[in-house]
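I have placed the structure first, in the form of C-alpha coordinates, so that the comments after it can refer back to it.
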Amino acid sequence: MLVIFTDNQILSTQTICHSCPLADQNGQPRWRQGVLQCGHPLHQCSSEQQVNQYECQMGFLLVYLTLPRLKDEEF
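So the mapping is simple: the numbering used here equals the position in the sequence shown, first residue as 1, plus 166.
Structure follows, in C-alpha coordinates:
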(Lines of atoms letter the chains of each structure in order from A and count residues from 1; the text may use other names and numbers.)
(Lines give C-alpha, C1' and ligand atoms only; values in the text may rest on other atoms or scores of the structure.)
Protein backbone atom coordinates (compact mmCIF):
# COMPACT_ATOMS: atom_id res chain seq x y z
CA MET A 1 0.00 0.00 0.00
CA LEU A 2 1.42 3.36 -1.03
CA VAL A 3 0.40 6.38 1.10
CA ILE A 4 1.47 10.02 1.44
CA PHE A 5 2.64 11.48 4.76
CA THR A 6 2.36 15.18 5.56
CA ASP A 7 3.22 16.93 8.82
CA ASN A 8 -0.05 15.89 10.44
CA GLN A 9 -1.90 13.57 8.04
CA ILE A 10 -1.69 10.29 6.19
CA LEU A 11 -3.34 10.62 2.78
CA SER A 12 -4.18 8.22 0.01
CA THR A 13 -2.29 8.74 -3.23
CA GLN A 14 -5.66 9.34 -4.94
CA THR A 15 -6.05 12.55 -2.92
CA ILE A 16 -2.81 14.12 -4.14
CA CYS A 17 -1.65 12.35 -7.29
CA HIS A 18 -4.83 12.67 -9.38
CA SER A 19 -3.87 16.27 -10.24
CA CYS A 20 -0.13 15.66 -10.63
CA PRO A 21 1.27 15.98 -14.17
CA LEU A 22 3.70 13.13 -13.38
CA ALA A 23 0.94 10.65 -12.44
CA ASP A 24 -0.06 7.80 -14.71
CA GLN A 25 -3.23 7.87 -16.81
CA ASN A 26 -5.26 6.68 -13.79
CA GLY A 27 -4.02 9.51 -11.57
CA GLN A 28 -1.77 7.20 -9.57
CA PRO A 29 1.96 7.44 -8.86
CA ARG A 30 4.14 5.79 -11.47
CA TRP A 31 4.84 2.66 -9.39
CA ARG A 32 6.30 -0.13 -11.52
CA GLN A 33 7.71 -3.39 -10.18
CA GLY A 34 8.53 -1.93 -6.76
CA VAL A 35 10.08 1.29 -8.11
CA LEU A 36 8.60 4.78 -7.82
CA GLN A 37 9.37 6.21 -11.24
CA CYS A 38 8.23 9.74 -10.38
CA GLY A 39 10.49 10.04 -7.34
CA HIS A 40 13.52 8.63 -5.54
CA PRO A 41 14.06 6.40 -2.48
CA LEU A 42 14.87 7.99 0.87
CA HIS A 43 15.00 4.85 3.01
CA GLN A 44 14.43 1.18 2.25
CA CYS A 45 14.03 -1.75 4.62
CA SER A 46 14.08 -5.43 3.92
CA SER A 47 12.12 -6.98 6.74
CA GLU A 48 8.86 -8.86 7.03
CA GLN A 49 7.07 -5.61 7.90
CA GLN A 50 8.61 -3.27 5.35
CA VAL A 51 8.36 0.50 5.31
CA ASN A 52 10.04 2.02 2.28
CA GLN A 53 10.17 5.82 2.02
CA TYR A 54 10.32 7.86 -1.17
CA GLU A 55 10.18 11.50 -2.12
CA CYS A 56 8.19 12.29 -5.23
CA GLN A 57 9.34 14.95 -7.67
CA MET A 58 6.66 17.26 -6.30
CA GLY A 59 8.21 17.00 -2.80
CA PHE A 60 5.71 14.73 -1.04
CA LEU A 61 6.85 11.92 1.26
CA LEU A 62 5.46 8.60 0.04
CA VAL A 63 5.64 5.46 2.14
CA TYR A 64 5.14 1.95 0.81
CA LEU A 65 3.83 -0.34 3.53
CA THR A 66 3.94 -4.11 3.30
CA LEU A 67 1.80 -5.63 6.01
CA PRO A 68 2.21 -9.25 7.12
CA ARG A 69 -0.43 -11.72 6.06
CA LEU A 70 -2.61 -13.12 8.81
CA LYS A 71 -2.98 -16.84 9.14
CA ASP A 72 -6.53 -18.22 9.00
CA GLU A 73 -6.44 -19.15 12.69
CA GLU A 74 -5.69 -15.52 13.65
CA PHE A 75 -9.15 -14.31 12.56
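For every residue, glycine included, the Cβ atom is placed at its ideal position computed from N, Cα and C.
Quick check on DSSP: helix, strand or coil for Cys204? coil
Option in Phe226, Leu168 and Gly193 with minimal Cα separation from Gln199: Leu168
Less than 8 Å between the beta carbons of Leu228 and Ile176, yes or no? no
Is it buried or exposed, Gly193, if we count other Cβ atoms within 10 angstroms and call 16 or more buried? exposed
Restricting to Cα atoms, I'd like to know which of Phe226, Tyr230 and Leu236 is closest to Asp173. Phe226
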